[in-house]
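Please read the structure below before turning to the comments.
Residue numbers (full-length UniProt numbering): 1 to 352.
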């Protein structure tokens, strides 16, 4: 069940990625984001109250669908409304997403203990309910914006001047791979790192704090990486550094998971700077496929742990995924676009 729950975000993000744009065309970007907040509120509260495992799973899908809508439409909203401030706001967006994850990890245990005792309910229900209710704030802001913007449909995609399909672009697949394996590592780390730490003797509260530290470090990257990308012709050196940082974190967990726990969390955090790097190169083609691939990570790691009874093999497998990330990153790092690559392919196709 835990492997499935950890994989659900990627599955929902991937599935919603195919339909979110049409959803926005019907209700507008702001309307879609507001409805997403509503789904988070309804699904989150319902899963905090239910005692049935399958109903809990269904409510989780409802809440994640709301998050998925926001995840897909928020970048489109920024590109539609931000104008010349798009790059800066995309960096801010990725930083806020990362900070939210850090805050959730840091407060999970304290909220469960304090709210659970105050409301006389199971601790985890109190935590889930708290974060579901928190969706009311952006929901109200969304309603006010919706009244102001009306049905702000996403910008119509200009028909390609080329006859070459996007799936023929090596860069498109490299971007998909980079985004997929970056997201896969993030899902595995958020889903399984607390368990790895606890199996090594670290307390649940400290494990949550470690994940929070891991989540907090990339906040800086949310502001720094877009600035670096916009001013660099090639960021392959950064890609290598980020990949090696994540690999070092996995290696540290193999050698001394408890003794160096804080150090490994920081290494994972620095490796998380790849998230704003991936966000900066995001496209409609990359996102759905990338999330679907990423969703296989937590399930596979859970299955490997169940089969071997040890974290050694799963951690080695995750180190191997960094090699794929680096190979894809080598192509993504170059300052070129899918459109220019497709144009070149179109010229070659026309001549032949």
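We treat Cβ as the ideally placed atom computed from N, Cα and C, and that holds for glycine.
Remember, predicted model here, so these are calculated numbers, not experimental data.
Using alpha carbons as the reference points, say which of the options lies closest to residue i.
i           : options            : result
residue 33  : 54, 75, 201        : 75
residue 9   : 27, 59, 22         : 59
residue 52  : 125, 113, 77       : 125
residue 113 : 100, 102, 127      : 127
residue 263 : 133, 214, 148, 50  : 214
residue 266 : 308, 298, 307, 216 : 216
residue 356 : 331, 25, 6         : Only positions 1 to 352 of the chain appear in this structure, which leaves residue 356 out of reach.
residue 97  : 169, 197, 179, 218 : 218
residue 191 : 208, 180, 179      : 208
residue 25  : 80, 195, 306       : 80
residue 61  : 6, 82, 107         : 6
Who are the Cβ neighbours of residue i in its own chain at under 8 Å, not counting the five residues just before and after it?
i           : result
residue 20  : 32, 68, 69, 72, 73
residue 230 : 87
residue 140 : none
residue 356 : As shown, the chain starts at 1 and ends at 352. That puts residue 356 outside it, with no answer to give.
residue 56  : 47, 50
residue 252 : 260, 263, 264, 267
residue 153 : 24, 25, 28, 29
residue 269 : 213, 214, 215, 216, 217, 218
residue 198 : 204, 207
Since residue i contacts residue j with CB under 8 Å, what's their CB separation in whole angstroms?
i           : j           : result
residue 188 : residue 318 : 6 Å
residue 294 : residue 210 : At roughly 22 Å, the Cβ-Cβ gap does not stay under 8 Å, so residue 294 and residue 210 are not in contact.
residue 36  : residue 66  : 4 Å
residue 365 : residue 329 : Shown here, the chain extends from 1 to 352; a query on residue 365 therefore has no answer.
residue 151 : residue 38  : Going by Cβ atoms, the distance from residue 151 to residue 38 rounds to 17 Å, so no, they are not a contact pair.
residue 235 : residue 333 : 5 Å
residue 99  : residue 45  : Not really, about 23 Å apart at Cβ, beyond 8 Å.
residue 200 : residue 110 : So it is not a contact: roughly 22 Å between Cβ atoms.
residue 290 : residue 180 : 4 Å
residue 40  : residue 135 : 4 Å
Less than 6 Å between C-beta atoms, sequence neighbours within five positions excluded: which residues of the same chain meet that for residue i?
i           : result
residue 313 : 304
residue 243 : 322, 325, 326
residue 271 : 242, 245, 246
residue 12  : 64, 65, 68
residue 15  : none
residue 292 : 14
residue 297 : 184, 187, 188
At which residues does the alpha helix (DSSP H) containing residue i begin and terminate?
i           : result
residue 52  : That residue, residue 52, is in no alpha helix (DSSP H); it is neither H nor E in DSSP.
residue 313 : 312 to 332
residue 167 : Looking at the DSSP string, residue 167 is not in any alpha helix (DSSP H), and its letter there is neither H nor E.
residue 134 : Looking at the DSSP string, residue 134 is not in any alpha helix (DSSP H), and its letter there is neither H nor E.
residue 21  : 20 to 27
residue 297 : 296 to 308
residue 150 : That residue, residue 150, is in no alpha helix (DSSP H); it is neither H nor E in DSSP.
residue 264 : 261 to 271
Might you give, ordered along the chain, the residues of its own chain that have their beta carbon closer than 7 Å to the beta carbon of residue i, omitting 5 neighbours on each side?
i           : result
residue 158 : Only weak support exists for where residue 158 lies, its pLDDT of 44 falling under 50; the value from the coordinates is given anyway. Excluding positions up to five away in sequence, the list is empty.
residue 250 : 315, 318, 319
Problem set entry | Runs of alpha helix (DSSP H) lying entirely within the segment 181 to 259, each at least 4 residues, in chain order | Considered as a whole, the segment 181 to 259 harbours 204 to 231, 236 to 255 as its complete alpha helix (DSSP H) runs of no fewer than 4 residues, in chain order.
Exercise. In chain order, which continuous runs of the alpha helix (DSSP H) of length 4 or greater are located wholly inside the segment 33 to 88?
Worked result: 53 to 81
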